[in-house]
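Asks: Residue numbers (my numbering), protein chains in the order written: chain A, 1 to 266; chain B, 1001 to 1251; chain C, 2001 to 2251; chain D, 3001 to 3302; chain E, 4001 to 4222.
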Ligand SMILES: Nc1ncnc2c1ncn2[C@@H]1O[C@H](COP(=O)(O)OP(=O)(O)OP(=O)(O)O)[C@@H](O)[C@H]1O
Ligand SMILES: Nc1ncnc2c1ncn2[C@@H]1O[C@H](COP(=O)(O)OP(=O)(O)OP(=O)(O)O)[C@@H](O)[C@H]1O
Ligand SMILES: [Mg+2]
Ligand SMILES: [Mg+2]
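Given below as structure tokens:
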């Protein structure tokens, strides 16, 4: 919002403009819409980073849902200014987006039904039905060889619009495993447990997913400010505290211990 | 006037009542038509003439009373009803020729499909009938290609093709251009001369005078007057009939 | 027969030709109608009667020839054409009353919108005219609420409201139930008596005999015969006319 | 009740018995299908109170469903107004006597009717930022897409509406000396509007329904909040959400459709137009009955 | 233009899916629509009501939601499976959903086709003694069929365009999905958009012209 136009998001932040922040709205513990605003780890990090960028003053924020499939167009369109939405930094995405951070490192893992004993390692996914959520690349790590992928297994893909649909299908036995970032899986497992659902995360991470802050391609000024803010938040313990707040006490989850090295802005 | 109309009763209506919703369109109708008789039904619009005509082959059901055709009550459904209808020809105001069939096919459809007459025989008979109504040369055209008068004559041929015991005519000439009225009436007069039993709803005085044995004047769902054509046109009894005649005779 | 029809020419058609595609519907028509004259046009269907009528207020354009109304050639378009049409009333077979307006509004619409007559004045005149055609009590109904005869009389009032120099009637009674024909003819006869110039396409012999000064018999786009009504009905000259009369007179 | 139809004769006693039997058989068949569906959903635990419980809480409606519904109605309302304007302008333009107006208008209408609406919305969504600079274009893309497509269909309705007024009406108007625009304004349009109202409302139902395509470009509509975000917040409630959202859509559209049907009945009976009602446009478009107004086929069947 | 050439094969692959979906949905919806219309015109009130309810509910539900129901309800919950290969299964689930939606419109087109046959035709058929089946097969359906061709054509054209909504049923392989994926990389590309639109027109226009031509050729002149 705001009538003024700014060259960079940083200018907007520092000028007291209202920043449009993209997060997930359907990802428990990361970005889930509850009431007027979303809540979760990404949401809290976004608030903290922006506040840091504005010299410790609160920033006015408009929250905008940014599903996996819409993150790139939203940045290109200018629908949102900045994205904190479980956004893994990849070489392919770097072509379209400038990434600040990473602010945390997640690891791809596998979630299965609590009573499913046939899958205990990612390698067991061979021949199983796994979820492909629109706009997410996680499935490639299982089905493709490096560099894009990793395990190169012959798994069957089941299309879904988003990860909540994946989880619904997992629950209904319409697929066998949901594989994506452990933080995402942990969020779902925690939510399901609260309402009687039974899922288990294998706890066998096999990738590093560096969660970055999405910015419009070329906005290096803001990127650098974001990196500085993230460093500060790690240094003063905020990041650790936020991880504890949202993911504390979940079994088999390895939280990020120290500031992940910055990728550099390009 | 012809010399027929003195046979045994072919169709009898006894205390027939018919409603459309709450509208009482046929009120306690009693009427007998004898074999070979030509009955003209006349009366103001909305009086129930068409409805009366249509009950006689059960295109309309009745709510009470009895209709006896050829000694048996009208069947209610199924094959028996279809068989009855094939014995009672009907000619409509709007012709209702089958639009997707040629004139010849219109005429042969009933005989071949209902009577199982062999195709050639039905064809031959169709051509005779089309000859008789004067449109044999139009046999292979579609209805829409014919004038109204020609279509109505084809419709008469179609009805005759079933060798019906009786033919019902519901205002057969009122959808026609004036110069085509006579050609249709001529066919009907010929049919009357040949002894066909006919019930004709019409306003054509000329036809009534020349071909009818009896005239029934209907208004408001009732038979108001029932007499000979001469008597009716020259000396109507009721005010309703007088009033009606004064309107249609002046011009 | 009336005593009018001896004025100066009001409309003259000279060598008028009209085609629909390749169909030659008006063939070299020459015709003059004098002020106060009542001309009846008669003839078989498709002969071009309606087309002739419609060329006179340019609802149909002509392909060659000349039409002179009141001393001036018919204007081709725009204001002048609209002005001409307002001087030539027209009454259609299908009435064509404006379905979304009351009878009164149908009659006042022309005067107020075309002539810019003040509303009250137009209303007053409308009621006079509706009185004259006998349906003043129906003024605030919509056309669909009226019988055919009443609608046609309203259409005549609408035409008269423009104070036309001439009125064209295209089969004004042939869409009517028989018992309503006379009430419309009566209005037309009255109009003829009052000296209105009229061109009337009709098959109503009674009207032609009582009101027409001249009869024109048209067939195949040509004027085949042109004479007095008595002469035409009792002693037609051409075979076409004889044949046609034999068809419409027998019934 | 004597209902004559093109298909069936008035039933006699045996036909009535047969219909009775058929009724029983079909009740059993329909019941079996419904029961099968019920059991299938039951087996997957879809009737559990836990997953339905959120829908009896006000917050659920306040936070998810109502804001989404407002988004849907807002897009539909704006698009409806614009589409009507577009339809009126282009519909009348197609009736123009001047080829330089008529032909381009026709082209525009034909092209926008031929493009799959979703592609059009996508395209506008991606195109706008490049021509107009950054911003949130989901709403504009949905509205513009709906306007161009439905406006084009409505243009055809308007054209058909004016053309459905019998020629005699305009001839009578010309005959009293009216000019072309007077004929259009005083005689044709007032009658055409009555004739085309039902078709317009039917098309608005289509428009309202199609707002759901906005979901695919993340426009915040009922489908988005109710079908994606809501089930994420309430674990396991995807199918209940789909059912609740479905009921809301169907109720909304049925209300509009019922309005259209009522309008159609009214205009069919209307004394105030000589034009028969214009056929509803779009997939269901069918030429209106026989040329001569008469009773047809299924009359009395419903 | 370069973009169109570069991504052409990928987009064409997607478009092929649209065509395959359209064929499947076309065939199924014609069959199902015929069943529905038989229900809607049957003399049995229960069948009529069931048909009417189906048509009204489906017609008033957004296609997006119908496809979602098809995937979540029919397939996931009721366990309707066409293939063990999920991709193939989704294809058929979407095809079936699209057919379920389209059949409501097919039904209405057929019903109004029967409606265009004047009552007089049926009465004339009855009055020469034809039985129910005879008047149906000899008089009514032949005339109804002819007046239904053009409207059915429009229904099919709408259905072909509707295949672009396949994404909503969890089938992410059609031209719209692929176009979106390409646009994520290239931004809006006019050549690509026009290319896909023209591809659709290349299918819908001939369908429209052919059905229009056939309808005019077979039209019953009254
Ligand atoms: N199917 C129907 N449903 C309801 N009312 C009907 C039906 N058919 C006819 N009527 C009504 O029944 C009454 C008698 O109609 P009918 O057609 O028998 O009259 P008619 O004497 O033949 O008139 P006309 O000379 O105009 O043909 C009229 O009031 C008419 O409106
Ligand atoms: N708009 C038109 N386009 C093409 N042909 C027409 C048109 N109007 C009339 N015709 C044809 O021109 C010829 C003359 O028609 P017109 O209506 O003038 O005849 P008519 O004598 O009035 O006949 P009727 O007594 O049937 O009204 C007919 O063959 C008719 O089919
Ligand atoms: Mg009648
Ligand atoms: Mg004429």
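Yeah, the Cβ is synthetic: ideal placement off N, Cα and C, and Gly gets one too.
Taking all protein chains shown into account, do 16 or more other C-beta atoms lie within 10 angstroms of the C-beta of residue 1235 (chain B), making it buried, or fewer, making it exposed?
Replies: Against the second chain, residue 1235 (chain B) aligns to sequence position 235. Residue 1235 (chain B) is exposed by the Cβ-count criterion.
Asks: Enumerated in chain order, which unbroken segments of the alpha helix (DSSP H) with a length of 4 residues or greater are wholly contained in the stretch 3168-3193 of chain D?
Replies: none
Asks: Please identify, using Cβ separations under 8 Å, the residues of the stretch 89-109 of chain A that lie next to chain D, in order along the chain.
Replies: none
Asks: Quick one: is residue 81 (chain A) buried, meaning 16 or more other Cβ sit within 10 Å of its Cβ, or exposed?
Replies: As a first step, residue 81 (chain A) must be located in the first chain, where it is residue number 81. Buried, since its Cβ has 16 or more Cβ neighbours within 10 Å.
Asks: With C-beta atoms as the reference, is residue 2198 (chain C) less than 9 Å away from residue 2169 (chain C)?
Replies: Here residue 2198 (chain C) refers to the residue found at position 198 when the third chain is read from its first residue. Here residue 2169 (chain C) refers to the residue found at position 169 when the third chain is read from its first residue. Closer than 9 Å, so yes.
Asks: So, helix, strand or coil for residue 3291 (chain D), using DSSP?
Replies: Mapped onto the fourth chain, residue 3291 (chain D) falls at position 291. With a pLDDT of 31 at residue 3291 (chain D), under the threshold of 50, the modelled position of this residue cannot be trusted; read the value that follows with caution. Coil, per DSSP.
Asks: Check whether the Cβ atoms of residue 3177 (chain D) and residue 2110 (chain C) lie closer than 9 Å to each other.
Replies: On the fourth chain, position 177 is the one that residue 3177 (chain D) refers to. On the third chain, position 110 is the one that residue 2110 (chain C) refers to. Going by beta carbons, residue 3177 (chain D) and residue 2110 (chain C) fall inside the 9 Å limit.
Asks: Which whole runs of the alpha helix (DSSP H) in the stretch 2156-2217 of chain C are 4 residues long or more, in chain order?
Replies: 2178-2193 and 2205-2211
Asks: With a threshold of 16 other CB atoms inside 10 Å of the CB of residue 2138 (chain C), please say whether the residue is buried or exposed.
Replies: Within the third chain, residue 2138 (chain C) is the residue found at index 138, counting from 1. Residue 2138 (chain C) should be labelled buried.
Asks: Return yes when the Cβ of residue 3226 (chain D) is within less than 9 Å of the Cβ of residue 3245 (chain D), no when it is not.
Replies: Walking along the fourth chain from the start, residue 3245 (chain D) turns up at place 245. Walking along the fourth chain from the start, residue 3226 (chain D) turns up at place 226. It is a contact, given that the beta carbons lie within the stated cut-off.
Asks: Does the pairing of the stretch 3160-3167 of chain D with the stretch 3109-3124 of chain D give three or more beta-carbon distances under 8 Å?
Replies: no
Asks: Can you pull out the residues from the stretch 2226-2237 of chain C whose beta carbon lies closer than 7 Å to at least one beta carbon of chain B?
Replies: With the criterion set as a beta carbon lying under 7 Å from some beta carbon of chain B, the stretch 2226-2237 of chain C has no members that meet it.
Asks: For residue 1074 (chain B), which of B:1036, B:1238, B:1013 and B:1049 has the nearest alpha-carbon?
Replies: For this step, residue 1074 (chain B) is matched to residue 74 along the second chain. Residue B:1013 is the option with its Cα nearest to residue 1074 (chain B).
Asks: What whole-angstrom Cβ distance do residue 3157 (chain D) and residue 3087 (chain D) have, given they're in contact under 8 Å?
Replies: On the fourth chain, position 157 is the one that residue 3157 (chain D) refers to. On the fourth chain, position 87 is the one that residue 3087 (chain D) refers to. That pair is a contact at about 7 Å.
Asks: Check whether the Cβ of residue 3020 (chain D) lies closer than 9 Å to any Cβ atom in chain B.
Replies: In the fourth chain, the residue the question calls residue 3020 (chain D) occupies position 20. Output row for residue 3020 (chain D): interface = no.
Asks: Under the assumption that residue 106 (chain A) contacts residue 181 (chain A) (Cβ atoms under 8 Å), give the Cβ distance between them as a whole number of angstroms.
Replies: Stepping through the first chain from its first residue, residue 106 (chain A) is reached at position 106. Stepping through the first chain from its first residue, residue 181 (chain A) is reached at position 181. That pair is a contact at about 4 Å.
Asks: May I have all residues whose beta carbon comes closer than 5 Å to any heavy atom of ligand 1, sorted in chain order?
Replies: B:1020, B:1025, B:1045, B:1046, B:1047, B:1048, B:1049, B:1050 and B:1051
Asks: Contact between the stretch 1091-1110 of chain B and the stretch 1062-1076 of chain B is defined here as three or more beta-carbon pairs at a separation below 8 Å; is this criterion met?
Replies: By the C-beta criterion, the stretch 1091-1110 of chain B is judged not to be in contact with the stretch 1062-1076 of chain B, since fewer than 3 inter-stretch pairs fall below 8 Å.
Asks: Looking at ligand 4, does it come within less than 8 Å of residue 2094 (chain C), judged from the CB to the closest heavy atom?
Replies: Mapped onto the third chain, residue 2094 (chain C) falls at position 94. No, ligand 4 has no heavy atom inside 8 Å of this Cβ.
Asks: At what residues does the alpha helix (DSSP H) containing residue 3147 (chain D) begin and finish?
Replies: Taking the first residue of the fourth chain as position 1, residue 3147 (chain D) is located at position 147. Membership of residue 3147 (chain D) in the alpha helix (DSSP H) is indicated by the continuous run 3138-3164.
Asks: Can you give the Cα-Cα distance for residue 1016 (chain B) and residue 1060 (chain B), rounded to whole angstroms?
Replies: The residue given as residue 1016 (chain B) occupies position 16 in the second chain. The residue given as residue 1060 (chain B) occupies position 60 in the second chain. When rounded, the distance between both Cα atoms is 12 Å.
Asks: Indicate, with yes or no, if ligand 2 has a heavy atom lying under 8 Å from the CB of residue 2201 (chain C).
Replies: Residue numbering aside, residue 2201 (chain C) sits at position 201 when the third chain is read from its first letter. Placement of the Cβ of residue 2201 (chain C) at a distance of less than 8 Å from at least one heavy atom of ligand 2 is found.
Asks: Please go through the same chain and pick out, in chain order, the residues whose beta-carbon is closer than 6 Å to the beta-carbon of residue 4015 (chain E), but skip the five residues on each side of it.
Replies: Within the fifth chain, the letter at position 15 stands for residue 4015 (chain E). Within the same chain, residue 4015 (chain E) has close Cβ partners 4175 and 4199.
Asks: What residue does the alpha helix (DSSP H) around residue 2987 (chain D) start on, and which one ends it?
Replies: A query on residue 2987 (chain D) cannot be resolved here, the shown segment of chain D reaching from 3001 to 3302 and no further.
Asks: Determine which residues of the stretch 4175-4196 of chain E have a Cβ less than 7 Å from any Cβ of chain D, and write them out in chain order.
Replies: 4176, 4179, 4180, 4183, 4187, 4188, 4193 and 4196
Asks: Is there a Cβ from chain E that is less than 9 Å from the Cβ of residue 1078 (chain B)?
Replies: Taking the first residue of the second chain as 1, we reach residue 1078 (chain B) at position 78. Residue 1078 (chain B) has a beta carbon lying within less than 9 Å of a beta carbon in chain E.
Asks: Near residue 69 (chain A), what residues of its chain come up, given a Cβ to Cβ distance below 7 Å and the 5 sequence neighbours on each side ignored?
Replies: Stepping through the first chain from its first residue, residue 69 (chain A) is reached at position 69. Only 134 and 135 meet the Cβ criterion.
Asks: What residue from A:131, A:185, A:219 and A:141 has the CA that sits closest to residue 264 (chain A)'s CA?
Replies: Sequence index remark: in the first chain, residue 264 (chain A) carries index 264 (1-based). Nearest of A:131, A:185, A:219 and A:141 to residue 264 (chain A), Cα basis: A:219.
Asks: Leaving aside the five residues before and after residue 4018 (chain E) along the sequence, list all residues of the same chain whose C-beta is less than 6 Å from its C-beta, in chain order.
Replies: Position 18 of the fifth chain, counted from the first residue, corresponds to residue 4018 (chain E). So the list reads 4163, 4174 and 4175, once near-sequence residues are dropped.
Asks: Can you name the residues of chain E whose CB is closer than 9 Å to the CB of residue 1086 (chain B)?
Replies: As a working mapping, residue 1086 (chain B) is identified with position 86 in the second chain. Chain E residues near residue 1086 (chain B): 4127, 4128, 4129 and 4130.
Asks: Measuring from the CB of residue 2220 (chain C), is there a heavy atom of ligand 4 at a distance below 8 Å?
Replies: On the third chain, position 220 is the one that residue 2220 (chain C) refers to. No, ligand 4 has no heavy atom inside 8 Å of this Cβ.
Asks: How far does the alpha helix (DSSP H) with residue 231 (chain A) in it extend, from its first residue to its last?
Replies: One-based indexing of the first chain puts residue 231 (chain A) at position 231. Its alpha helix (DSSP H) spans residues 220-235.
Asks: Is any non-hydrogen atom of ligand 4 found closer than 8 Å to the C-beta of residue 2170 (chain C), if you look at the structure I gave you?
Replies: In the third chain, residue 2170 (chain C) corresponds to position 170, counting from 1. The answer is yes for residue 2170 (chain C).
Asks: For the stretch 3035-3067 of chain D, which residues have a beta carbon sitting closer than 8 Å to at least one beta carbon of chain A?
Replies: 3044, 3050, 3059, 3063 and 3064
Asks: Mind listing the chain B neighbours of residue 4144 (chain E)? Cutoff is C-beta to C-beta under 8 Å, in chain order.
Replies: Within the fifth chain, residue 4144 (chain E) is the residue found at index 144, counting from 1. None at all; the shortest Cβ gap to chain B is about 10 Å.
Asks: Name the residues in the stretch 1057-1072 of chain B whose C-beta lies less than 7 Å from a C-beta of chain D; which are they?
Replies: Hits within the stretch, in order: 1060 and 1061.
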